[in-house]
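Below: the structure, in structure tokens.
Protein chains: 2
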Amino acid sequence: MYYIGIDLGGTDIKAGIINKNGEVLSKAQTATLANRPYQEVAKDMAMCSLKALEKSSLTLDDIGGIGIGIPGLADNVSGRVIFCTNLGWNDIPLRDEVQKYLNLPILIDNDATVAGFAESISGVSRGLHSSVFLTLGTGVGGGIVIDGKPWTGAHGVASEIGHLTIEIDGIPCTCGKSGCLERYCSATALKHISGEICKFHPECSLMKMAKGDSNNITGRMVMDLAKNGDEFALKIFHRYTKNLAIAINTIISFLDPDMIVLGGGISHAGQFLVDAILEKLPDYLMFKTLPYSRIALATLGNDAGIIGAAMLSKLGLDYN
Amino acid sequence: MYYIGIDLGGTDIKAGIINKNGEVLSKAQTATLANRPYQEVAKDMAMCSLKALEKSSLTLDDIGGIGIGIPGLADNVSGRVIFCTNLGWNDIPLRDEVQKYLNLPILIDNDATVAGFAESISGVSRGLHSSVFLTLGTGVGGGIVIDGKPWTGAHGVASEIGHLTIEIDGIPCTCGKSGCLERYCSATALKHISGEICKFHPECSLMKMAKGDSNNITGRMVMDLAKNGDEFALKIFHRYTKNLAIAINTIISFLDPDMIVLGGGISHAGQFLVDAILEKLPDYLMFKTLPYSRIALATLGNDAGIIGAAMLSKLGLDYN
Chain A
526 MYYIGIDLGG TDIKAGIINK NGEVLSKAQT ATLANRPYQE VAKDMAMCSL
576 KALEKSSLTL DDIGGIGIGI PGLADNVSGR VIFCTNLGWN DIPLRDEVQK
626 YLNLPILIDN DATVAGFAES ISGVSRGLHS SVFLTLGTGV GGGIVIDGKP
676 WTGAHGVASE IGHLTIEIDG IPCTCGKSGC LERYCSATAL KHISGEICKF
726 HPECSLMKMA KGDSNNITGR MVMDLAKNGD EFALKIFHRY TKNLAIAINT
776 IISFLDPDMI VLGGGISHAG QFLVDAILEK LPDYLMFKTL PYSRIALATL
826 GNDAGIIGAA MLSKLGLDYN
Chain B
526 MYYIGIDLGG TDIKAGIINK NGEVLSKAQT ATLANRPYQE VAKDMAMCSL
576 KALEKSSLTL DDIGGIGIGI PGLADNVSGR VIFCTNLGWN DIPLRDEVQK
626 YLNLPILIDN DATVAGFAES ISGVSRGLHS SVFLTLGTGV GGGIVIDGKP
676 WTGAHGVASE IGHLTIEIDG IPCTCGKSGC LERYCSATAL KHISGEICKF
726 HPECSLMKMA KGDSNNITGR MVMDLAKNGD EFALKIFHRY TKNLAIAINT
776 IISFLDPDMI VLGGGISHAG QFLVDAILEK LPDYLMFKTL PYSRIALATL
826 GNDAGIIGAA MLSKLGLDYN
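Chain order of the listed sequences is A and B.
Numbered according to this note's numbering, the first sequence terminates at residue 845, and the numbering increases by one at each position without gaps.
Numbered according to this note's numbering, the second sequence terminates at residue 845, and the numbering increases by one at each position without gaps.
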């Protein structure tokens, strides 16, 4: 049996045909064009899936079901998207809409949750009993795997690690609260810290690279300069990785999973980032002499979404 | 089959005979006298258990095993206590030592973990799939139950919710870090907030009750005055319950359990406390319109430790 995995993003729809081991047979991609009616987006999700199917040597009879990862929250009883901020969706009957074109069982879950699940099926955390996936991008997403299965909580609102408070009355967050972890640990946070430091050092290499405008600073610039030993980039990097060490301790002290997997744009800094976190972590751990979760980089990259969504579908069908 | 549950505290050793449903048949208690050699404490744990057994109509042949809850961390492979700060214990062979007097299988775990487990067996969270127990006492302890079983993590260091950071570079903690949740949410934190506010209001009712010395302020005093509508006590209470709402959001946004159970001294303020948390919680939740964990008061009181320890033993034996 094979499964269709759909990764619905604010920019692109990706679809893939995935086998039971989480391996990608074929894939296709199309623009989301988020501002149009949801019915059109749903239709393109189905069409994109059919395009991926065409590229494989399979037919619809070989497909057991469809999984969809969304940048938001869904209810699998009703098959509705509860909300999806990037797309401006509120209470959308996504399952029914996609099933108009593809009459297969459909399960929907959060994109970070399915990406973390994908890593635990065929990525770096493969086969582990428990893991927490942390996407360090524009925001910070979380995906929890417990007993080899995605954990979305009793009411489907778990693993929103980006919105744990790490500073009481701290930096205002886009969610309406303040002091949320993602204000300190996302790529956006890294840019924010860069802006703060560059304000006082307008002649630094980073500002030169950003053509004198701190708004042009990217995470990549900071990481590249820090790797080369640039003084101010390292200062920014250390302030940022201190925040990450605090976030990692939060995961360890709460759940103590086998592994914490780092994904998202910032994770492209690679082992340099992991080493910096590991160096700082002992200062933020409660139990300094005991073993703790391995920290690893995600390995599935952009395919994590389609793989995890497909595996979600498989999991649902295996249970029924 | 019946089980012995031992609750090892810094002040008292409690032991109980518990049936398979988590009901207490008999119990006994003796002073810990923490400063003596661990061998003597272990012997008294066994003697106290035998005293409880004598009070029941049972004999050792009716007992399947022993569970021990400790204010610290243990390794159940070696049967050793890794450490137990209150007792000054480091790497103590507790299982072997107790087995010198009671030749039964022994499992050891953290006291908040076993108390939370007890509530999920025969207390307020009975039968629920997932719950998080939060003891609000001198410190803040956590006990996680997932799939009806205690969750101690991949390396045994999970559920240390009191040591999640909720303020970067915040109030120094006894653990050596700073900004730990328990510095803001424990009974000690409530006293700290009281001291801060009473410094500027030395004529307030709370200071009168404390005979002019803020060191005499207890959580009970604050709660009693706040319930009666006293202005400054309410100010302290609101500042404190705001911190608790942040802590509760941390648990919801991370794990989203069926229920969050409040125990420990502060929880004796009862529904008044729960209502205050529920009133503030929407301001600190990410998903304001979705259902979330029920917040409830622990119901097993001081028996939670012996019940949970005994049920840990039952769980271990059921698995083998």
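Positions of the beta carbon are idealized from the N, C-alpha and C atoms, including for glycine.
Rounded C-alpha distance that separates residue i from residue j
i, j, result
"Lys552(B)", "Ala577(B)", "5 Å"
"Cys698(B)", "Glu692(B)", "11 Å"
"Ala714(B)", "Arg708(B)", "5 Å"
"Val639(A)", "Val682(A)", "14 Å"
"Phe642(B)", "Cys700(A)", "34 Å"
"Met811(B)", "Asp636(A)", "17 Å"
"Gly841(A)", "Gly678(B)", "25 Å"
"Tyr765(B)", "Leu619(A)", "42 Å"
"Tyr753(A)", "Pro596(A)", "Reading off the sequence shown, one finds Asn at residue 753(A), where the question assumed Tyr. Each residue's alpha carbon lies about 35 Å from the other."
"Val665(B)", "Gly673(A)", "30 Å"
"Cys723(B)", "Leu780(A)", "38 Å"
"Pro807(A)", "Lys813(A)", "6 Å"
"Leu798(B)", "Glu804(B)", "10 Å"
"Glu548(B)", "Ala829(B)", "10 Å"
"Phe608(A)", "Asp800(B)", "29 Å"
"Asp749(B)", "Lys702(A)", "31 Å"
"Ala466(A)", "Asp600(B)", "Shown here, chain A extends from 526 to 845; a query on residue 466(A) therefore has no answer."
"Thr663(B)", "Lys839(B)", "30 Å"
"His763(B)", "Leu659(B)", "19 Å"
"Asn628(B)", "Gly534(B)", "23 Å"
"Leu759(A)", "Asp694(B)", "20 Å"
Cβ shell of residue i (< 7 Å), same chain only, five flanking positions each side left out
i, result
"Ile542(A)", "Tyr527, Ile529, Leu550, Ser551, Ala577, Leu578, Ser581 and Leu583"
"Ile771(A)", "Ile691 and Tyr809"
"Ser719(B)", "Leu731, Ser739, Ile742, Val747 and Ile761"
"Ile802(A)", "Thr766, Leu769, Ala770, Ile773 and Ile820"
"Ala848(A)", "Missing from the structure shown is residue 848(A); chain A here goes from 526 to 845 and no further."
"Asp569(A)", "Ile538 and Thr555"
Residue i classed as buried or exposed, judged by whether at least 16 other C-beta atoms fall within 10 angstroms
i, result
"Leu558(B)", "exposed"
"Ser655(A)", "buried"
"Asp843(A)", "exposed"
"Pro562(B)", "exposed"
"Ser711(B)", "buried"
"Glu685(B)", "buried"
"Lys716(B)", "buried"
"Val602(B)", "exposed"
"Gly652(A)", "exposed"
"Leu585(B)", "exposed"
"Asp755(B)", "buried"
"Thr536(B)", "exposed"
"Lys733(B)", "exposed"
"Phe725(A)", "exposed"
"Asp616(A)", "exposed"
"Pro727(A)", "exposed"
"Gly604(B)", "buried"
"Gly744(B)", "buried"
"Gly704(B)", "buried"
"Gly737(A)", "exposed"
Beta-carbon proximity check, residue i vs residue j, cutoff 7 Å
i, j, result
"Ile531(A)", "Thr555(A)", "no"
"Leu661(B)", "Ser778(B)", "no"
"Ala567(A)", "Val606(A)", "no"
"Tyr626(A)", "Ala571(A)", "yes"
"Gly687(B)", "Pro630(B)", "no"
"Ile671(B)", "Val657(B)", "no"
"Ala835(A)", "Gly594(A)", "no"
"Thr775(A)", "Leu706(B)", "no"
Nonlocal neighbours in the same chain, by C-beta distance under 6 Å from residue i, ignoring five residues either side
i, result
"Pro675(B)", "Thr638 and Phe642"
"Leu837(B)", "Gly592, Leu632, Asp634 and Val639"
"Ile696(A)", "Arg708"
"Tyr817(A)", "Ile777"
"Ile831(A)", "Gly530, Asp532, Lys539 and Gly541"
Nonlocal neighbours in the same chain, by C-beta distance under 8 Å from residue i, ignoring five residues either side
i, result
"Asp783(A)", "Ser650, Leu653, His654, Ser655, Ser656, Ser818 and Arg819"
"Glu565(A)", "Leu558"
"Leu598(B)", "Val606, Ile607, Phe608, Cys609, Asn635, Gly681 and Val682"
Any chain D beta carbon closer than 7 Å to residue i
i, result
"Ile771(B)", "Absent from the structure is chain D; the protein chains it does hold are A and B."
With three or more beta-carbon pairs closer than 8 Å as the criterion, would you say the region 640–647 of chain B touches the region 813–829 of chain B? yes
Tell me whether the region 785–799 of chain B and the region 602–613 of chain B touch, counting them as touching only if at least three CB pairs, one residue from each stretch, are closer than 8 Å. no
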